[in-house]
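Q:
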Amino acid sequence: MPATVVIGAQWGDEGKGKIIDLLSASSDMIVRFQGGDNAGHTVVFDGKEFILHLIPSGILHKGKICVIGNGVVVNPKALLEEIKVLKSKNIGVEGRFFISTLCHIIFPYHSKLDELKEEKSAKGKIGTTKKGIGPCYADKAARSGIRLADLLDDAAFREKLKKNIDEKNEILAKVYGFSGFSFDDIYNEYCVYREEIKKYAADTISLINNSLNNSKKVLLEGAQGTFLDVDFGTYPYVTSSSATAGGACIGCGISPSRINKVVGVVKAYTTRVGEGPFPTEFSDDLMTKIRSKGKEFGATTGRPRRCGWFDAALVRHAAILNDLKEVVVTKLDVLDDLDKINICVGYEYKGKKLEGFPASSEILSAIKPVYKEYPGWKCDISNIKKYADLPKNAKNYLNKISELIGTKIALVSVGSDRNQTFKVK
Ligand code: GDP
Ligand code: IMO
Ligand code: MG
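Residues in the sequence shown are numbered from 4 upward in steps of one, following my numbering.
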């Protein structure tokens with residue numbers, strides 16, 4: 004049975020958590036393939052809200068197997084906290100939750116370096132979550148990272164941690180004037196984590212590939228979004244992993260031949276958290292209105308999200324990058340009160356139409372969005388249960404989005420609850 008990938012087609016927070024939770028009902032295994040606890044995926048049902056950072060959103064469905072793939076960077080403290088919160092809400096993970104032994108581990112020096120680098124670069128800061136994601140992936144690429152397999156082997160762990168702390172302390176002192184970390188403190192803290200997480204450590208490559216061989220349905224959960232991808236995003240205002248569909252194979256150890264479907268999740272408007280270009284960003288009035296109606300505050304850091312019109316030029320590029328055959332449009336209800344709604348249909352640069360999507364963030368900051376205006380529907384759609392019952396102007400808006408991005412819309416979401424979703428006929 005082939006695998007399905009779910010990715011964000013904008014700058015994250017598109018509602019992936021909600022959609023992965025929905026699709027998990029008909030899946031056997033759900034695998035996170037990149038990112039770390041910078042992600043915040045919200046799922047709402049029966050009046051309860053769950054925010055997952057590391058564990059796949061499928062965990063809320065009894066009996067589903069959930070896996071953290073090798074492409075994820077894991078902060079054990081955050082992970083154990085998440086397991087504790089789930090247990091307190093009667094969601095058990097034992098026997099159905101596994102972490103790849105190839106995952107790289109986040110240490111306090113990663114978060115500190117992330118924080119200090121941001122503080123030092125007053126101009127040009129990224130606006131990271133300060134979770135140590137970038138420095139941990141940097142160590143992975145520099146071949147000095149520490150993986151879960153190392154943490155499980157005490158001698159290897161001691162040696163690698165010592166080497167890392169010596170090096171990081173020197174950088175922290177010389178570049179940032181920070182006093183540094185004690186080997187004993189971190190070693191002792193992580194030995195406690197090791198005892199708690201070793202039962203979840205697994206050869207997830209065999210686990211996932213065997214499941215596919217046995218005709219199990221595997222859902223691959225992306226974090227962040229296409230324009231936060233380290234290669235294809237609005238570099239350098241991106242995260243440090245591959246958040247596009249291509250990252251799914253690398254991040255869980257399966258061949259591209261295993262994947263037959265990529266589902267993109269898009270918000271009916273656009274948001275981004277942190278710094279970086281945002282062509283369709285609202286001015287103050289609309290910003291406050293939509294942020295408040297859409298409750299646009301970061302699920303991980305609580306930061307207010309920047310909001311703007313739907314950018315079809317952006318999502319069209321995401322559709323190409325991820326070969327999207329279908330998208331799910333979320334948060335359509337947030338636009339309920341607007342008289343007129345704009346869609347950005349393309350960009351102009353230096354007075355001329357810009358073909359394709361610019362490689363440079365400098366150009367993206369300088370382009371002028373070209374808008375088309377559509378009438379709003381001016382009524383509450385959050386209780387609508389089927390596509391046919393949507394107001395004409397809402398259907399028209401969806402049709403325009405679909406036409407402009409060149410992709411079919413499979414599902415529409417009109418509220419945060421599991422039930423507030425319907426198929427598009
Ligand atoms: P993710 O990171 O892509 O999983 O998205 P987040 O969970 O960070 O942010 C999406 C937010 O929108 C969450 O608070 C969801 O509960 C909420 N949400 C999802 N779908 C809808 C929707 O259709 N309408 C409304 N009003 N809220 C939604
Ligand atoms: P989910 O999975 C939105 C953003 C940060 C910052 C940039 C780099 O919930 O969609 P990092 O800490 O990763 O080095 O920060 O990426 N960012 C997100 N924005 N949703 C996320 O995850 C994000 N994860 C990281 O705000 O701009
Ligand atoms: Mg989020």
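Ideal placement from N, C-alpha and C gives every residue a C-beta, glycine not left out.
Everything numeric in this text was worked out from a predicted model, so none of it was measured.
1) Do C255 and V34 count as a contact pair if the criterion is CB distance below 8 Å?
2) Confirm the yes/no value for this check: CB of A246, any heavy atom of the ligand MG, distance under 7 Å.
3) How would you write the range of the alpha helix (DSSP H) that M290 sits in, first residue to last?
4) Reducing DSSP to helix, strand and coil, say where V417 ends up.
5) Rounded to whole angstroms, what's the CA-CA distance from I23 to L119? Just pull it up for me.
6) Would you mind reading off the limits of the beta strand (DSSP E) that contains H440?
7) On a Cα-Cα basis, can you pick out the residue from T237, F48, Y193 and F101 that is closest to M32?
8) Apart from the five residues just before and just after C347, which ones in its own chain have a Cβ nearer than 8 Å to its Cβ?
9) Kindly examine the ligand MG and report whether one of its heavy atoms sits closer than 7 Å to the Cβ of D16.
10) Determine the extent of the alpha helix (DSSP H) in which C255 is found, giving its start and end residues.
11) Taking Cβ positions, are F425 and K389 nearer each other than 8 Å?
12) Report, in whole angstroms, the separation of the C-beta atoms of P239 and I129, which I expect to be a contact under 8 Å.
13) Considering only C-alpha positions, which residue in the set D206, K355 and I323 is nearest to Q13?
14) Could you pull out every residue in the same chain whose Cβ sits closer than 8 Å to the Cβ of S214, ignoring the five residues on either side in sequence?
15) Here's a check: name, in chain order, each residue in its chain whose Cβ is nearer than 6 Å to the Cβ of F300, leaving out the five neighbours to either side.
16) Identify the continuous beta strand (DSSP E) that holds E284 and give its terminal residues.
17) Using DSSP with H/G/I as helix, E/B as strand and the rest coil, what is T207?
18) Relative to the C-alpha of E17, which candidate in K270, S260, K328 and N191 has its C-alpha closest?
19) Would you kindly report the start and end of the unbroken beta strand (DSSP E) that includes R275?
20) Quick check: what's the CA-CA separation for R309 versus R161?
21) Using the beta-carbon count (16 or more within 10 Å), is T291 buried or exposed?
22) Looking at the strands, I want to know which residues DSSP matches up with F100.
23) Please report how far the alpha carbon of R197 lies from the alpha carbon of A248, in whole angstroms.
24) Taking the CB atoms as reference points, tell me whether R319 and I408 lie closer together than 8 Å.
25) With DSSP collapsed to three states, give me the class of V8.
26) Are there 16 or more other CB atoms within 10 angstroms of the CB of S103, so buried, or fewer, so exposed?
27) List the whole-angstrom C-beta distance separating S258 from Q37, where the pair is believed to meet the contact cut-off of C-beta under 8 Å.
28) Please look up how many angstroms separate the CB atoms of S27 and H44, rounded, as I've assumed it's under 8 Å.
29) Use the C-beta contact count for A176: other C-beta atoms within 10 angstroms, 16 or more gives buried, fewer gives exposed.
30) Thinking C-beta only, is I108 closer than 8 Å to R150?
31) Assign S114 to buried or exposed, taking buried as 16 or more other Cβ atoms, counted over all protein chains shown, within 10 Å of its Cβ.
32) Could you check which residue in S286, G148 and V268 has the C-alpha nearest to that of I333?
33) Per the DSSP calculation, C310 is bridged to which residue(s)?
34) Please report the straight-line C-alpha distance between N73 and I253, rounded to a whole angstrom.
35) Between the alpha carbons of G379 and A205, how many angstroms are there, rounded?
36) If you draw a straight line from the C-alpha of D336 to the C-alpha of T7, how long is it?
A: With the given structure in hand:
1) To locate residue 34, count along the sequence shown from 1; it is residue 31. To locate residue 255, count along the sequence shown from 1; it is residue 252. In contact: V34 and C255 (Cβ atoms closer than 8 Å).
2) For the purposes of this step, residue 246 is identified with residue 243 of the sequence shown, where counting begins at 1. A246: no, Cβ never under 7 Å from the ligand MG.
3) Within the sequence shown, the letter at position 287 stands for residue 290. D287 to K296 is the span of the alpha helix (DSSP H), which, as asked, contains M290.
4) Position 414 of the sequence shown, counting from 1, holds the residue named residue 417. In the structure shown, V417 sits in coil (DSSP, three-state: anything other than H, G, I, E or B).
5) Position 20 of the sequence shown holds residue 23. Position 116 of the sequence shown holds residue 119. Cα to Cα, the separation comes out at about 34 Å.
6) No information on residue 440 is available, as it lies outside the stretch 4 to 428 that the chain covers here.
7) One-based indexing of the sequence shown puts residue 32 at position 29. It is F101.
8) Looking up residue 347 in the sequence shown gives position 344. Same-chain partners within the cutoff: P282, T283, W312, F313, D314, A315, A316, L317, P372, V373 and Y374.
9) Here the question's residue 16 lines up with position 13 in the sequence shown. Checking every heavy atom of the ligand MG against the Cβ of D16, one is found closer than 7 Å.
10) For the purposes of this step, residue 255 is taken as residue 252 along the sequence shown, with counting starting at 1. From DSSP, the alpha helix (DSSP H) with C255 extends over G249 to C255.
11) Within the sequence shown, numbered from 1, the residue matching residue 425 stands at position 422. Within the sequence shown, numbered from 1, the residue matching residue 389 stands at position 386. When the beta-carbon positions are compared, F425 and K389 come within less than 8 Å of each other.
12) For the purposes of this step, residue 239 is identified with residue 236 of the sequence shown, where counting begins at 1. For the purposes of this step, residue 129 is identified with residue 126 of the sequence shown, where counting begins at 1. P239 to I129, Cβ: 6 Å. Contact.
13) Looking up residue 13 in the sequence shown gives position 10. Ranking the options by Cα distance to Q13, first place goes to I323.
14) In the sequence shown, the residue the question calls residue 214 occupies position 211. Only D31, M32, I68 and V221 meet the Cβ criterion.
15) Within the sequence shown, the letter at position 297 stands for residue 300. P307, listed in sequence order.
16) Taking the first residue of the sequence shown as 1, we reach residue 284 at position 281. First-last for E284: undefined, no H or E at that position.
17) Locating residue 207 in the sequence shown gives position 204, where the first residue counts as 1. Looking at T207 - three-state DSSP - the assignment turns out to be helix.
18) Here residue 17 corresponds to residue number 14 of the sequence shown, with the count starting at 1. Nearest of K270, S260, K328 and N191 to E17, Cα basis: K270.
19) Here residue 275 refers to the residue found at position 272 of the sequence shown. Where R275 is concerned, the enclosing beta strand (DSSP E) starts and stops at T273 to R275.
20) Along the sequence shown, read from residue 1 onward, the residue named residue 309 stands at position 306. Along the sequence shown, read from residue 1 onward, the residue named residue 161 stands at position 158. Cα to Cα, R309 sits roughly 43 Å from R161.
21) Position 288 of the sequence shown, counted from the first residue, corresponds to residue 291. T291 is exposed by the Cβ-count criterion.
22) Along the sequence shown, read from residue 1 onward, the residue named residue 100 stands at position 97. Bridge partners of F100: C69.
23) As a first step, residue 197 is located in the sequence shown; it is residue number 194 there, counting from the start. As a first step, residue 248 is located in the sequence shown; it is residue number 245 there, counting from the start. Computed Cα separation, rounded: 31 Å.
24) Translated into positions along the sequence shown, residue 319 becomes position 316. Translated into positions along the sequence shown, residue 408 becomes position 405. Yes.
25) For this step, residue 8 is matched to residue 5 along the sequence shown. In this structure, V8 counts as strand in the three-state DSSP scheme.
26) Residue 103 sits at position 100 when you count from the first residue of the sequence shown. With 16 or more other Cβ atoms within 10 Å, it is buried.
27) Numbered from 1 along the sequence shown, position 255 holds the residue referred to as residue 258. Numbered from 1 along the sequence shown, position 34 holds the residue referred to as residue 37. Not confirmed; about 17 Å, so no contact.
28) Residue mapping note: residue 27 aligns to position 24 of the sequence shown, counting from 1. Residue mapping note: residue 44 aligns to position 41 of the sequence shown, counting from 1. Actually they do not touch by this definition, with Cβ atoms about 12 Å apart.
29) For the purposes of this step, residue 176 is taken as residue 173 along the sequence shown, with counting starting at 1. Exposed, by the Cβ-count rule.
30) Reading the sequence shown from its first residue, position 147 is the one you call residue 150. Reading the sequence shown from its first residue, position 105 is the one you call residue 108. Yes, Cβ-Cβ distance for R150 and I108 is below 8 Å.
31) As a position in the sequence shown, residue 114 is number 111, starting the count at 1. S114 is buried by the Cβ-count criterion.
32) Taking the sequence shown and counting its residues from 1, the one referred to as residue 333 is at position 330. The residue asked about is misnamed: residue 333 is Thr in this sequence, not Ile. Measuring from the Cα of T333, the nearest candidate turns out to be V268.
33) Residue mapping note: residue 310 aligns to position 307 of the sequence shown, counting from 1. DSSP, once it has assigned bridges, lists T274 as partnering C310.
34) Within the sequence shown, numbered from 1, the residue matching residue 73 stands at position 70. Within the sequence shown, numbered from 1, the residue matching residue 253 stands at position 250. For N73 and I253, the distance between alpha carbons rounds to 8 Å.
35) For the purposes of this step, residue 379 is taken as residue 376 along the sequence shown, with counting starting at 1. For the purposes of this step, residue 205 is taken as residue 202 along the sequence shown, with counting starting at 1. The alpha-carbon atoms of G379 and A205 are separated by roughly 51 Å.
36) Indexing the sequence shown from 1 puts residue 336 at position 333. Indexing the sequence shown from 1 puts residue 7 at position 4. When rounded, the distance between both Cα atoms is 27 Å.
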